[in-house]
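Q: For the sequence shown, numbering that gives the first Met the number 0 begins at 0 and goes up steadily by one.
C-beta atoms are modelled at their ideal positions from N, C-alpha and C, and glycine is treated no differently.
Pasting in a structure now, in structure tokens, and then I'll have a few things to ask.
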Amino acid sequence: MNFDPELHIDDIAGLTATGAPLWAKEEIMTALSSRRLKAGTRINVVSEPENAPVEVARVAEAFAIWRDDTGINIWGEDERGLAYALTELADRARHCIGTDPFAGPMPLAEKPSARIRSIARLFCSEEEDMEWFHDRQGWRDYLTTLATNRFNRFALTLGMGYNYPYHNPWIRDVYFYFPYPFLFDVPGHNVQVRGLPIEERDRNYETLKFIAREAARRGLDFQLALWTQNYDFDDVANANYHIDGIGNDNLSAYCRAAITKLLVEVPEITGLTFRVHVEGGIAEGDYDFWQEAFAGVADAGRPVEIDQHGKGLDHKLIGMARDTGMPITVSPKYLAEHMGLAYHQSSIRNKEYPPEKPRAEWEKLSEGSRKFLRYSYGDLLTKDKDYSVLYRIWAGTQRVLVWGDPELAGGYGRLSMFAGSDGVEWCEPLSFKGRMGTGVPGQRFNYKEQGLAPKRDWEKYAYTYRVWGRGLYNPEGPRDGWMRHLHATCGDAADVCETGLAFASRVLPLVTLTHAPSASNNHYWPEIYSNIGLLGGAGELAVGRDMEGPVRFGNAPTFDSELFATAREWAEKLLAGEAEHRYTPLDVADWLVDLSEGCEKAVMQSRNCADQLLPEARRILIDVEICSGIARFFAERYRAAVWAELFLATKATHLIEPLLDHAKRSVMAWDRIADLSRDIYHDDLTYGPESWLRGSWQQRQAEMRAELQDIEGRRGMRLTKSLALSTEGEAAVAALKARVPVQRTDCVDAPETFTRGKNFTVRYNGSADSAPVLHYRVVDQSQRWCKAPMTAQDKGFAATIPGDYLETPFHLQFFVSLTEAGVPKLAPGLAESLSNQPYYLALQV
0 MNFDPELHID DIAGLTATGA PLWAKEEIMT ALSSRRLKAG TRINVVSEPE
50 NAPVEVARVA EAFAIWRDDT GINIWGEDER GLAYALTELA DRARHCIGTD
100 PFAGPMPLAE KPSARIRSIA RLFCSEEEDM EWFHDRQGWR DYLTTLATNR
150 FNRFALTLGM GYNYPYHNPW IRDVYFYFPY PFLFDVPGHN VQVRGLPIEE
200 RDRNYETLKF IAREAARRGL DFQLALWTQN YDFDDVANAN YHIDGIGNDN
250 LSAYCRAAIT KLLVEVPEIT GLTFRVHVEG GIAEGDYDFW QEAFAGVADA
300 GRPVEIDQHG KGLDHKLIGM ARDTGMPITV SPKYLAEHMG LAYHQSSIRN
350 KEYPPEKPRA EWEKLSEGSR KFLRYSYGDL LTKDKDYSVL YRIWAGTQRV
400 LVWGDPELAG GYGRLSMFAG SDGVEWCEPL SFKGRMGTGV PGQRFNYKEQ
450 GLAPKRDWEK YAYTYRVWGR GLYNPEGPRD GWMRHLHATC GDAADVCETG
500 LAFASRVLPL VTLTHAPSAS NNHYWPEIYS NIGLLGGAGE LAVGRDMEGP
550 VRFGNAPTFD SELFATAREW AEKLLAGEAE HRYTPLDVAD WLVDLSEGCE
600 KAVMQSRNCA DQLLPEARRI LIDVEICSGI ARFFAERYRA AVWAELFLAT
650 KATHLIEPLL DHAKRSVMAW DRIADLSRDI YHDDLTYGPE SWLRGSWQQR
700 QAEMRAELQD IEGRRGMRLT KSLALSTEGE AAVAALKARV PVQRTDCVDA
750 PETFTRGKNF TVRYNGSADS APVLHYRVVD QSQRWCKAPM TAQDKGFAAT
800 IPGDYLETPF HLQFFVSLTE AGVPKLAPGL AESLSNQPYY LALQV
């Protein structure tokens, strides 16, 4: 006999009768039945919230929940908002501990911060991805997790597995790489995947349709990302499949027809994402192809978003998409192919500015005139833009370890809306697992130890989705939204898991932002770091062509050169007796040590928890401890790098002693990571074929120990001529030892808006040892920063940005640097949580 939860919900016509609210209502029923709970109260859907005891926002996707003597009242501004209210109650029931299934913060009113909150799931490996692709119950659970945690878009991503599809000997696993013939036959075109059974092809298409229906049922926009439109079909000797019947003579017509067929037969698809630079298989400047592709979207006869990936994008392509009458989005990367802190880098790397001429004609935009769009927003954020801007966070930083920091997630919720932007799409951690033909049967979960792998691959990151989605939706959302999951899965270890993971989750984003030897996720993987030598001589292959000057740790650029100095840059200033207004490597090292100590404290406290060995708690605490070691490792590397740069500049061999001391400490930290992970994770974690894209922490130990031997050799054998420090060198070492950390201040007074072409004055209402400096730039990354000394005025200083500079279609960003009583300060600088925006933004009105 079925259990009756005795739930009553008043239906409002057009809201709960169909669509996401109906699904969400069923979720409450299912949650109560599965826990054998009775609702115990009536749930009333109200059409207007006038009597709500809490202020509500009349904006899309907003909702409210409150109790009164009639029961629980829920309100949603629209279908999605109402579904969020219902799934909030279902989620509480699913995690209920006491007798009240809906216990939790009430009254509750929430509204969205980021307008687009998207998750991308990549198919990269036939070996590792086919199982989850066809797992229908897995899809139901996964999409329910996304919708429950306030994501409003899901992007199934095909064809993202390779860069540069021409003359690429690594092209091996091409399943869905050129996706259309793996899904269906296009009438009038004899394009087939050689050896692919028709039954398998048809099954793929039915699964795609199923995913689309289930996403729509939950109120999720379903985005299909078609990253590759062409490759060397006849020059892929190592590929596992070959495609017949396609070539330059019919490519455009075939793709147009395939796009239209797809959109007509899968009406739940709300948008298509295209990689429009040469890595998608179409030479840059080949507008004819994109004219046909975009026409294929319009031919479907309904609104479908055309999302163009930012790299290689120009305004002509945007205009072509606009001419179709379809809604249009441009999607630059948030921070190269990695994840950094939540703010948008104030400056791009010097290497991203356009060269005098591109490397090749077929990449004349992405490596030429539009190169500044490779890894950030470039010149897309004009005041009067008529397209959406969505930032994509690539999975280059953290691919294995679990992530979950409510502060940083909330920072992304606020700052992904920067200067009129619209939100963020996050490529989940297992993106690129088994990439480029490196899939390993049975290793999708990464775990070696039995009992740690959950039932499905994404379930390890259930807390990640929860924190990330809710932080994007409402950065001020109640803690109960993520703690109920930890209490249910980690028992009395819930609090230490939350605290430890919050500290741990800031480590790798901070490292990524401040140590950027390569912007490409094909080369740089800080989570399992391939050593770059402190004195050079190691790491050249892992960096590729993506680093200027000598390849060594202290010369690696940062992803924000306006706010962070490299070890080499700081050493040069120390030797020149000049002040440095930016954060130095030692400031970063201090932050990393603080994060490591926070992790270690949480792990120590967990020893007193009876539930520390529950699978979820154990997975989290292991990863927290590994991140603690990573923080210690990089902190000591940053410190060693400063001494290494001073040594290289002065040739004074006694500077090798502190260099070697910090280098040894960094290797000790890495050895600790290797010991922790050795029996937990597989020895070969594969995210690509090259050595720096696979392996494990213990496999990196040999190269690090080899570097130690080299440094010791330089000390012991006196391979470098021994020189005493010059006067400048002595002063530099003294300044290094006396260094004071950069502090933040917020004594700046400036308008939040400005008028185009009019002067804009910034005031600093505080004291300073000398004139503070105003740093400013319009929100256009193709331009360089300007700076102006501020002049003394009553109770402070002021500087004016001239109106002719502000004769611009862009908004304005600025910050102030100064020294007060010998302490370097930045206004506003980074807060302790590292989740804020370290510069001010003035919007053009």
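1) Which word fits Glu49, buried or exposed, when buried means at least 16 other C-beta atoms lie within 10 angstroms of its C-beta?
2) Report yes or no: do three or more beta-carbon pairs, one from the segment 155-167 and one from the segment 222-234, lie closer than 8 Å?
3) Buried or exposed, going by whether 16 or more other CB atoms sit within 10 Å of the CB of His580?
4) So, Val277 versus Ser365, is the Cβ gap smaller than 8 Å?
5) Using a Cβ-Cβ cutoff of less than 8 Å, which residues in the same chain neighbour Ile73 once the five nearest sequence positions on both sides are dropped?
6) Using the Cα positions of Glu272 and Glu304, report the straight-line distance between them to the nearest angstrom.
7) Looking at C-beta atoms only, is the number of pairs between the segment 619-627 and the segment 588-607 that lie closer than 8 Å three or more?
8) Using the C-alpha atoms, what's the distance from Arg369 back to Lys363?
9) Which value, in whole angstroms, describes the spacing of the CA atoms of Thr744 and Ser766?
10) Just how far apart, CA to CA, sit Arg91 and Ile621?
11) Answer yes or no: do Arg348 and Ala570 have a C-beta to C-beta separation smaller than 8 Å?
12) Tell me Leu604's beta-bridge partners as DSSP assigns them.
13) From this set, Phe150, Gln136 and Val399, which residue's C-alpha is nearest Asn473's C-alpha?
14) Mapping the DSSP letters down to three states, classify Glu497 as helix, strand or coil.
15) Starting from Ser33, follow the alpha helix (DSSP H) in both directions and report where the run begins and ends.
16) Using C-beta distances below 6 Å, list every residue in its chain close to Thr903, excluding the 5 sequence neighbours before and after it, in chain order.
17) With a threshold of 16 other CB atoms inside 10 Å of the CB of Ser888, please say whether the residue is buried or exposed.
18) Between Ala224 and chain D, is any beta-carbon pair separated by less than 8 Å?
19) So does Gln780 have its beta carbon nearer than 7 Å to some heavy atom of the ligand FMN?
20) Lys454 by DSSP, collapsed to three states: which one?
21) How big is the Cα-Cα spacing for Arg713 and Ala662?
22) Are the Cβ atoms of Tyr333 and Ile392 separated by less than 8 Å?
23) From what residue to what residue does the beta strand (DSSP E) around Cys426 run?
24) Is there contact between the segment 462-478 and the segment 576-593, where contact requires at least three CB pairs shorter than 8 Å?
25) Can you name, in chain order, every residue of its own chain whose Cβ lies under 8 Å from the Cβ of Val777, other than the five neighbours on each side?
26) Whole-angstrom Cβ separation of Phe177 and Ile242, contact assumed at under 8 Å?
27) Opposite Phe759 in the DSSP bridges: which residues?
28) Just tell me which of Asp77, Ala256 and Arg636 has its CA closest to the CA of Asn189.
29) DSSP state of Pro4, grouped into three classes?
30) Helix, strand or coil, according to DSSP, for Gly597 in the structure here?
31) Can you check whether the CB of Arg631 is closer than 8 Å to the CB of Cys123?
32) Go through the segment 381-407 residue by residue and report every complete run of the beta strand (DSSP E) that reaches 3 residues or more, in order.
33) Quick check on Tyr352: buried or exposed, where buried means 16 or more other Cβ atoms within 10 Å of its Cβ?
34) Which residues in the same chain have their Cβ closer than 6 Å to the Cβ of Lys350, if we skip the five residues on either side of it in sequence?
35) Under 8 Å between the Cβ atoms of Glu127 and Lys454?
A: Concretely, from the data shown:
1) exposed
2) yes
3) buried
4) yes
5) Ile42, Asn43, Val44, Val45, Phe62, Ala63, Ile64, Leu81, Ala84, Leu85 and Leu88
6) Correcting the residue type first, residue 272 is Thr in the shown sequence and not Glu. Each residue's Cα considered, the two are about 8 Å apart.
7) yes
8) 8 Å
9) Cα-Cα distance, rounded: 11 Å.
10) C-alpha separation (whole angstroms): 28 Å.
11) no
12) This sequence places Gln at residue 604; Leu is not what is there. Partner(s): none; Gln604 has no beta bridge.
13) Answer by Cα proximity: Phe150.
14) helix
15) Gly18 to Arg34
16) With the chain covering 0 to 844 only, the question about residue 903 has no answer from this structure.
17) The requested residue 888 does not occur in the structure, where the chain is confined to residues 0 to 844.
18) Within the model displayed, chain D is absent; a lone protein chain is all it includes.
19) This structure lacks the ligand FMN; in fact it carries no ligand of any kind.
20) coil
21) 14 Å
22) In this structure, Ile392 lies closer than 8 Å to Tyr333 by Cβ.
23) Gly422 to Cys426
24) no
25) Tyr804, Leu805, Thr807, Phe809, His810, Leu811 and Gln812
26) 6 Å
27) Answer is Ile800.
28) Ala256
29) Per-residue confidence for Pro4 stands at a pLDDT of 45, beneath the threshold of 50, marking its modelled position as unreliable; the derived number appears in the next sentence. Coil, per DSSP.
30) helix
31) Cβ distance not < 8 Å, so Cys123 and Arg631 don't count as in contact.
32) 387-392
33) exposed
34) Glu547
35) no
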